[in-house]
Structure formats: structure tokens, C-alpha cells
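In full-length UniProt numbering, the protein residues as written are 1 to 300. Quick reminder that beta carbons are idealized off the backbone N, C-alpha and C, glycines included. Keep in mind that this is a model prediction, so the values were computed, not measured. Below is one structure; the comments refer to it alone.
Next up, the structure:
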């Protein structure tokens with residue numbers, strides 16, 4: 001329970017979803033966690049959802065950890081610079097910045113996709129990550145053992161082909177995490193720090209549960225309408241796998257790679273809250289995309 005005792009972590013974009021769960025599990029494992037984001041009890045971001053960074057900090061404290069919520073727009077360099085001066089030290093940086101779902105434009109070719117929406121996704125998925133790295137990585141290299149985790153959507157292998165049915169701006173924004181991990185790993189190596197890109201599987205986030213009209217308690221009801229939802233996983237599963245990675249003294253072996261929750265779970269022996277071990281991206285390739293009926297046998 002105290003694998004990360006004495007560590008300082010920052011979860012950028014820790015308001016909801018996988019990032020929130022990672023923040024909670026980092027705190028549960030003993031790290032002090034700074035949680036940043038744009039949605040607070042005083043006001044919402046463009047995502048316009050009710051979850052707040054203060055709630056994330058409270059969840060960490062209920063899990064036995066310690067946290068501080070700081071309102072930061074990571075697209076504003078001055079705000080991120082002020083954040084860096086405020087926290088002074090950092091061992092683990094989780095960059096889960098996004099907030100672009102409302103701009104997705106699913107299935108539209110680039111010439112039909114709203115240009116402002118597309119460029120906004122690039123800003124949220126690439127620019128914000130670079131700004132964050134510029135100001136926070138100098139804190140991470142202060143002593144050996146630092147770790148950067150760039151959240152993305154899809155493994156490098158899965159994203160090697162265009163994600164038909166998504167949109168080009170979304171694809172660029174998310175696939176950029178693979179290159180961020182490669183570049184950051186190279187630049188951090190001489191300082192004894194590692195960087196990876198990390199992808200959840202089919203995530204039962206707050207938004208996804210709401211879209212499907214279910215709760216965590218009855219989520220399987222959605223499988224009648226969306227059969228492949230059977231391979232879905234909780235955000236907590238992501239948090240547990242990232243903590244296992246962060247606590248691994250040999251985590252440098254992953255540096256520069258894109259890893260998934262299912263891959264790390266297999267490596268470290270981590271289970272989801274129901275005791276299963278979903279491997280969503282292998283399932284998506286071998287079952288869903290292959291046009292086979294939904295059957296999670298051998299995949300969770």
C-alpha cells in the first residue's frame with residue numbers, strides 16, 4: 001500500500017476518467033498527489049461536466065492519501081510556469097490532458113470537419129502536453145528515478161493504421177503521444193528518468209457510463225446494445241496498472257514505448273475491481289475489428 005511513499009506526483013488533467021483514477025491510486029500507494037485541471041467547483045471548462053479537481057483530491061484523501069488540487073489551464077504557459085514554481089519537486093508526471101471529446105466530429109473527412117474544432121483538438125492533445133513538459137520536466141530530472149506517463153487512446157500498433165470512423169484531427173492528437181514518449185524518453189535517459197505513453201482499454205469512464213445509460217453497478221446492461229462493451233474496464237484498473245509501473249525499480253525497460261492497461265496488468269499481475277484482467281486492445285484487434293461476435297473468453 002505504500003510502494004510510492006515519499007514520492008511526489010502530479011496528474012495534469014486529473015478531473016475525471018482514467019486520470020482521476022490514476023491520481024487516486026497514486027495517493028493510495030503513498031505518493032503526495034497534485035491534481036490540476038480546469039474544472040473546479042467555481043466553474044467548468046469547455047468539457048462542461050460536473051466532475052472537479054477538488055473532488056479528485058477528496059477521493060485521494062478518502063483512499064488514505066494526501067493531495068492538493070490546483071486550477072491550471074495547461075494551454076496557458078504562464079499558469080504552468082507558476083505551477084512549476086509552486087510545487088518545486090516532482091517524481092511522477094501523469095499527463096492526461098485532453099478535453100476534446102466535444103470536438104470529435106466522428107467519421108468526417110478533414111475537409112468536412114469543422115476547422116476550429118479540429119485545431120482545438122490539436123491544441124488540447126499536443127500543445128498542452130508540450131507546454132507541460134517544458135515547465136515540469138526540469139523538476140523531474142532533479143534526481144534519478146523520474147517517470148512521465150503520457151495518456152493516449154490506442155496502442156502504437158493499433159494506431160499504426162488510420163482509425164477509420166474517427167477523424168484526422170483526433171487521430172493526430174492521440175497518436176502524437178507515441179512520439180512524445182519516444183522523444184521524452186530520449187531526452188530524459190541521461191537523467192535516469194523514463195517516459196511512456198499509456199492507453200486505457202474500453203474505459204467505463206463517467207462520460208461513457210452516462211452515454212450508455214448505465215452505472216458501474218449495472219454496466220453489463222449496456223452490452224445488449226453494444227456487445228463489445230463486455231471487454232470494458234474500470235478507470236481503477238488503469239490506476240492500478242500505472243502504480244505498478246511506477247513502483248517497478250526496472251521501469252526504465254518500458255521507456256519510449258506505448259503500454260496498455262491490459263499489457264501492464266499481465267506483466268505485473270494486476271486485476272480490475274471484479275477480479276478480471278481485461279486485455280481490450282488485443283480483443284479489439286482479434287474480435288471486434290475482425291467482425292466476430294462479442295466473446296471475452298481468453299481476453300479478461
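| Item | Value |
| --- | --- |
| Nearest residue (CA-CA) to residue 197, options 159, 221 and 89 | 159 |
| Distance between residue 79 and residue 72 (C-alpha atoms, nearest Å) | 6 Å |
| Opening and closing residue of the alpha helix (DSSP H) in which residue 87 lies | 77 to 87 |
| Assigned secondary structure, residue 177 (DSSP; H/G/I helix, E/B strand, else coil) | helix |
| Per-residue DSSP class, three states only, for residue 193 | coil |
| Rounded C-alpha distance that separates residue 4 from residue 182 | 25 Å |
| Exposed unless 16 or more other CB atoms sit within 10 angstroms - verdict on residue 184 | buried |
| Where residue 12 falls: helix, strand or coil (DSSP) | strand |
| C-alpha gap between residue 286 and residue 142, whole angstroms | 43 Å |
| Residue 24 classed as buried or exposed, judged by whether at least 16 other C-beta atoms fall within 10 angstroms | buried |
| Inter-stretch contact at 8 Å, needing at least 3 Cβ pairs: the region 88 to 104 / the region 30 to 48 | yes |
| Local conformation of residue 132 per DSSP, three classes | helix |
| Cβ pair residue 146, residue 91 closer than 7 Å | yes |
| Top-ranked residue by Cα proximity to residue 237, from 288, 247, 261 and 89 | 261 |
| Segment contact flag, the region 123 to 142 with the region 166 to 179, C-beta cutoff 8 Å, min 3 pairs | yes |
| Three-way DSSP call (helix, strand, coil) for residue 71 in this model | strand |
| The region 227 to 241 in contact with the region 197 to 214 per 3-pair CB rule at 8 Å | yes |
| Three-way DSSP call (helix, strand, coil) for residue 115 in this model | helix |
| The alpha helix (DSSP H) enclosing residue 239, as first and last residue numbers | 235 to 247 |
| Between the CA atoms of residue 240 and residue 253 - distance to the nearest angstrom | 19 Å |
| Residue 258 - containing beta strand (DSSP E), residue span | 258 to 260 |
| Proximity winner among 166, 299 and 70, relative to residue 107 (alpha-carbon distances) | 166 |
| Beta-bridge pairing of residue 287 - partner residues as DSSP gives them | DSSP, once it has assigned bridges, lists no residue as partnering residue 287. |
| Terminal residues of the beta strand (DSSP E) in which residue 37 lies | 32 to 37 |
| Residues bridged to residue 198 [DSSP beta-bridge criterion] | 151 and 259 |
| Residue 43 - DSSP class collapsed to helix/strand/coil | strand |
| Inter-residue Cα distance where the pair is residue 104 and residue 207 | 14 Å |
| Opening and closing residue of the alpha helix (DSSP H) in which residue 26 lies | 17 to 28 |
| Span separating the alpha-carbon of residue 95 from that of residue 162 | 23 Å |
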